[in-house]
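When we follow the numbering used here, the leftmost residue of the sequence shown carries the number 59, and every step to the right adds one. Don't be surprised by glycine CBs; every beta carbon is placed ideally from N, CA and C. Quick caveat: nothing in here was measured; it's all calculated off a predicted structure. Worksheet: one structure, shown below.
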Amino acid sequence: MAPRKNFRNQAKKEVKPAAVVNKNGVKVEASVAASSGGFSGTKIFTWFMVLALLGVWSSVAVVWFDLVDYDNVIAERAKEFRFNFSEVLQGKLSAYDADGDGDFDVEDAKVLLGLKERPVSVSLREAKEESAVKEPDAVPPPDDDVDGSQNTDVESEIQAAVSLPPILDDFIPDDSRDDATHPYEDENDAIDTKGELVEKAQPQQTLEESKQYNNQPGSPETKETEAESVPEPEADVEPEVESVPEPEADVEPEVEADVEPEVESVPELEAKFVPELKENAEDHPKDQLKEKAKKKKPKLLNKFEKTIKTEIDAAEKLRKKGKVEEAVRAFETLVLQYPQSPRCRYGKALAEDGLAEKMLSNDMLQKAIGTYKEASELPNATPDLIKATLKKRAERQQFLGRMRGALATLEKLVQIFPEDMALKNDLGVAHLLIGDNNSAKRVYEEVLATAPSDGFAKVHYGFILKSENKIAESIPFLRDGLESGDPGTDDGRFYFHLGDALQRMGDDSAYKWYERGHQRGHFASVWQRSLYNVDGLKAQPWWTPKDTGYMDLVKTLERNWRIIRDEAQSVMDKTTGLFVPEEENLREKGEWGQFTLWQQGKKAGESCRSVPKTCGLLERYPEATGCKRGQIKFSVMQPGTHVWPHTGPTNCRLRMHLGLVIPKTGCKIRCTNDTRAWEEGKVLIFDDSFEHEVWQDADSYRLIFIVDVWHPELTQYQRQTLSPI
Numbered sequence: 059m060a061p062r063k064n065f066r067n068q069a070k071k072e073v074k075p076a077a078v079v080n081k082n083g084v085k086v087e088a089s090v091a092a093s094s095g096g097f098s099g100t101k102i103f104t105w106f107m108v109l110a111l112l113g114v115w116s117s118v119a120v121v122w123f124d125l126v127d128y129d130n131v132i133a134e135r136a137k138e139f140r141f142n143f144s145e146v147l148q149g150k151l152s153a154y155d156a157d158g159d160g161d162f163d164v165e166d167a168k169v170l171l172g173l174k175e176r177p178v179s180v181s182l183r184e185a186k187e188e189s190a191v192k193e194p195d196a197v198p199p200p201d202d203d204v205d206g207s208q209n210t211d212v213e214s215e216i217q218a219a220v221s222l223p224p225i226l227d228d229f230i231p232d233d234s235r236d237d238a239t240h241p242y243e244d245e246n247d248a249i250d251t252k253g254e255l256v257e258k259a260q261p262q263q264t265l266e267e268s269k270q271y272n273n274q275p276g277s278p279e280t281k282e283t284e285a286e287s288v289p290e291p292e293a294d295v296e297p298e299v300e301s302v303p304e305p306e307a308d309v310e311p312e313v314e315a316d317v318e319p320e321v322e323s324v325p326e327l328e329a330k331f332v333p334e335l336k337e338n339a340e341d342h343p344k345d346q347l348k349e350k351a352k353k354k355k356p357k358l359l360n361k362f363e364k365t366i367k368t369e370i371d372a373a374e375k376l377r378k379k380g381k382v383e384e385a386v387r388a389f390e391t392l393v394l395q396y397p398q399s400p401r402c403r404y405g406k407a408l409a410e411d412g413l414a415e416k417m418l419s420n421d422m423l424q425k426a427i428g429t430y431k432e433a434s435e436l437p438n439a440t441p442d443l444i445k446a447t448l449k450k451r452a453e454r455q456q457f458l459g460r461m462r463g464a465l466a467t468l469e470k471l472v473q474i475f476p477e478d479m480a481l482k483n484d485l486g487v488a489h490l491l492i493g494d495n496n497s498a499k500r501v502y503e504e505v506l507a508t509a510p511s512d513g514f515a516k517v518h519y520g521f522i523l524k525s526e527n528k529i530a531e532s533i534p535f536l537r538d539g540l541e542s543g544d545p546g547t548d549d550g551r552f553y554f555h556l557g558d559a560l561q562r563m564g565d566d567s568a569y570k571w572y573e574r575g576h577q578r579g580h581f582a583s584v585w586q587r588s589l590y591n592v593d594g595l596k597a598q599p600w601w602t603p604k605d606t607g608y609m610d611l612v613k614t615l616e617r618n619w620r621i622i623r624d625e626a627q628s629v630m631d632k633t634t635g636l637f638v639p640e641e642e643n644l645r646e647k648g649e650w651g652q653f654t655l656w657q658q659g660k661k662a663g664e665s666c667r668s669v670p671k672t673c674g675l676l677e678r679y680p681e682a683t684g685c686k687r688g689q690i691k692f693s694v695m696q697p698g699t700h701v702w703p704h705t706g707p708t709n710c711r712l713r714m715h716l717g718l719v720i721p722k723t724g725c726k727i728r729c730t731n732d733t734r735a736w737e738e739g740k741v742l743i744f745d746d747s748f749e750h751e752v753w754q755d756a757d758s759y760r761l762i763f764i765v766d767v768w769h770p771e772l773t774q775y776q777r778q779t780l781s782p783i
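Here is the structure:
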């Protein structure tokens with residue numbers, strides 16, 4: 059482009075006209091005379107008129123104060139922008155309003171000349187207008203939603219219609235609007251700390267108190283790792299309330315149409331049941347939606363707390379994001395400001411609970427348990443908050459191994475909410491955890507009298523009947539409960555005991571249930587049905603000494619078998635009472651006595667004083683004496699004894715049998731489908747987590763020495779931290 063000065067000079071030369079004389083004898087420029095028909099005026103006015111007539115030239119001419127060859131510009135841009143010079147002169151400017159300001163000016167010229175980009179708003183507007191005039195039968199490509207997802211097909215829309223469980227990491231604040239428009243005040247999340255978590259806190263106390271429920275073949279413990287005093291940090295969640303009591307008198311009734319589905323509280327193992335729930339929802343989508351629509355979220359805010367909802371939400375958001383220290387401080391401040399607010403105190407308890415998990419501190423968890431109690435006892439606490447708070451308190455008490463305290467909390471809950479069958483079911487479990495089967499049985503009888511189809515109550519009631527050796531009676535309750543698919547029924551214990559009951563009744567359908575339990579992920583296989591497991595360990599029914607790596611121990615036992623036999627026979631005198639009957643209800647018939655030297659890695663001092671040489675031989679083998687998931691004991695079996703097919707509780711041990719007194723015929727042991735016999739002075743090694751069965755059909759007693767050892771593939775750390783069995 060030429061210098062600006064030259065452009066201007068050239069323009070002046072090009073437009074300078076010749077002078078003429080008008081009627082009055084005054085010289086004027088020819089251009090003015092020609093255009094005005096004799097009208098007088100100055101050069102400025104003349105230029106103004108010229109530019110006004112040309113219209114668009116006045117806008118295009120002055121771009122960055124440069125004069126432009128408009129003919130060339132229009133010619134070059136005519137095809138690109140689809141306009142022509144005549145249209146410009148006719149004032150058709152709307153099509154060329156490139157910057158969207160409603161007129162055609164310098165900015166539009168900059169856009170047309172490529173000196174400036176077209177504004178985004180204009181581009182979007184034009185795209186929208188263009189799409190609006192598409193042919194009606196043309197199918198547009200899928201548009202991205204705001205969140206980046208695409209509406210691809212009908213199936214995705216159907217899935218979207220089914221509400222998903224809340225995402226625990228996201229914070230959904232309380233809503234202070236009227237109940238009629240939005241009846242939910244808080245997240246309805248759930249936590250279940252029963253089973254393995256309880257055991258890890260205080261395994262000795264838990265196992266001792268719950269011997270009949272939680273520490274027998276088939277008790278629940280899957281994919282076990284290391285025992286700690288406090289659980290691994292979980293996603294921070296609020297407890298769930300299964301049902302909502304009647305609204306208070308001063309609360310407006312809830313509008314059913316506004317109610318969102320609620321996810322029921324489920325025990326620990328229900329995560330494996332989710333696929334079946336999804337399958338049922340697909341088979342009967344309308345029924346599933348209708349059922350979910352009846353459930354409601356808990357209302358945790360009273361009327362006053364709705365006025366401070368913003369402050370509660372701010373503190374709660376910190377907790378949901380895992381900033382538990384800040385959340386504790388925020389809720390402590392709220393409690394000081396509003397000491398009579400149950401919701402503030404409940405939030406403080408939840409934050410303390412989360413901090414306890416982060417710190418791995420039982421003391422902090424105990425503080426949270428106390429705060430839960432305070433929140434539940436404040437006046438004006440909503441029924442839902444009382445229920446959520448006490449449920450959470452009971453769960454955390456169970457985690458700490460304080461089973462009787464948890465039982466008292468659940469009894470209080472049942473008194474407050476007598477119509478809530480889920481709470482009664484939890485109370486029954488609490489009785490089982492302290493070994494009070496009779497009280498648990500009464501609770502489940504009450505539940506089934508009110509709700510005869512309650513699957514949770516059925517499987518637990520069947521479990522209790524089987525523990526009472528009422529085998530035939532237990533089967534329909536266990537089977538119906540499992541077939542119900544109710545939350546809490548998909549538990550390895552119930553598959554284990556239903557199959558066992560059917561086997562004892564001679565019903566081959568037992569293996570159908572074992573297979574189903576295997577498919578559900580509870581059993582490693584149909585044969586290997588232990589539930590206290592560590593994943594990845596070598597699994598085979600029979601082992602050789604070389605396979606185990608414990609060659610020295612095996613040689614010691616076999617070299618000294620006569621010494622061991624003699625000491626065992628010395629304590630077999632029935633008058634001493636040193637051998638006790640087998641107490642695990644494994645016998646179909648006969649007599650089976652045991653004399654224990656080590657149990658759960660602990661030495662029985664009094665017993666070892668009776669057989670000092672035997673115990674002395676074993677002292678230098680920690681793989682046996684330190685096996686917290688096994689025993690070392692003498693076992694005597696009288697003629698006519700049959701032991702039902704059964705499996706041990708864990709895959710973490712191997713079992714050695716040293717033959718001491720073995721009749722010539724009639725004594726045999728089957729593990730899976732391989733049957734073998736003992737030999738005096740020889741060691742048999744098998745994995746008792748596989749199904750095995752024993753017959754003693756000889757004419758005299760059979761005496762063996764049982765030594766359990768750690769599975770050789772367990773690390774030293776695992777051996778130290780695994781909970782005892």
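For a cutoff of 8 Å on Cβ pairs, would you count residue i as touching chain C?
i: residue 678; result: Annotation note: the requested chain C is absent from the structure, which comprises a single protein chain.
Verify whether the separation of the beta carbon atoms of residue i and residue j is less than 8 Å.
i: residue 752; j: residue 712; result: no
i: residue 726; j: residue 734; result: yes
i: residue 377; j: residue 408; result: yes
i: residue 765; j: residue 616; result: no
i: residue 584; j: residue 608; result: no
i: residue 389; j: residue 373; result: yes
i: residue 639; j: residue 650; result: yes
i: residue 783; j: residue 553; result: no
i: residue 653; j: residue 686; result: no
i: residue 779; j: residue 599; result: no
i: residue 537; j: residue 749; result: no
i: residue 546; j: residue 514; result: yes
i: residue 754; j: residue 683; result: no
i: residue 804; j: residue 701; result: Nothing can be reported for residue 804: it is not among the residues displayed for the chain, which extend from 59 to 783.
Helix, strand or coil for residue i? Go by DSSP, reduced to three states.
i: residue 359; result: coil
i: residue 395; result: helix
i: residue 588; result: coil
i: residue 762; result: strand
i: residue 350; result: Low confidence applies to residue 350: its pLDDT is 49, below 50, so where it sits in the model is not reliable enough to give any reading.
i: residue 481; result: helix
i: residue 687; result: coil
i: residue 612; result: helix
i: residue 742; result: strand
i: residue 701; result: strand
i: residue 708; result: strand
i: residue 771; result: coil
i: residue 460; result: coil
i: residue 646; result: strand
i: residue 538; result: helix
Output the boundary residues of the beta strand (DSSP E) element that contains residue i.
i: residue 718; result: 711-719
Pull the bridge partners of residue i from the DSSP assignment, please.
i: residue 651; result: 639, 694
i: residue 729; result: 732, 750
i: residue 656; result: 661, 690
i: residue 576; result: For residue 576, which the question treats as bridged, DSSP gives no partner whatsoever.
i: residue 562; result: The partner list for residue 562 (beta bridge, DSSP) is empty, contrary to what the question assumes.
i: residue 600; result: 744
i: residue 678; result: DSSP output for residue 678 lists no bridge partner at all.
Report, in whole angstroms, the separation of the C-beta atoms of residue i and residue j, which I expect to be a contact under 8 Å.
i: residue 474; j: residue 444; result: 7 Å
i: residue 490; j: residue 498; result: 5 Å
i: residue 521; j: residue 500; result: About 15 Å separates the two Cβ atoms, so there is no contact after all.
i: residue 359; j: residue 403; result: Actually they do not touch by this definition, with Cβ atoms about 13 Å apart.
i: residue 549; j: residue 704; result: Actually they do not touch by this definition, with Cβ atoms about 18 Å apart.
i: residue 436; j: residue 398; result: 6 Å
i: residue 629; j: residue 669; result: 6 Å
Provide the residue span of the alpha helix (DSSP H) that contains residue i, from first to last.
i: residue 435; result: 420-435
i: residue 404; result: 400-417
i: residue 524; result: 513-525
i: residue 375; result: 367-378
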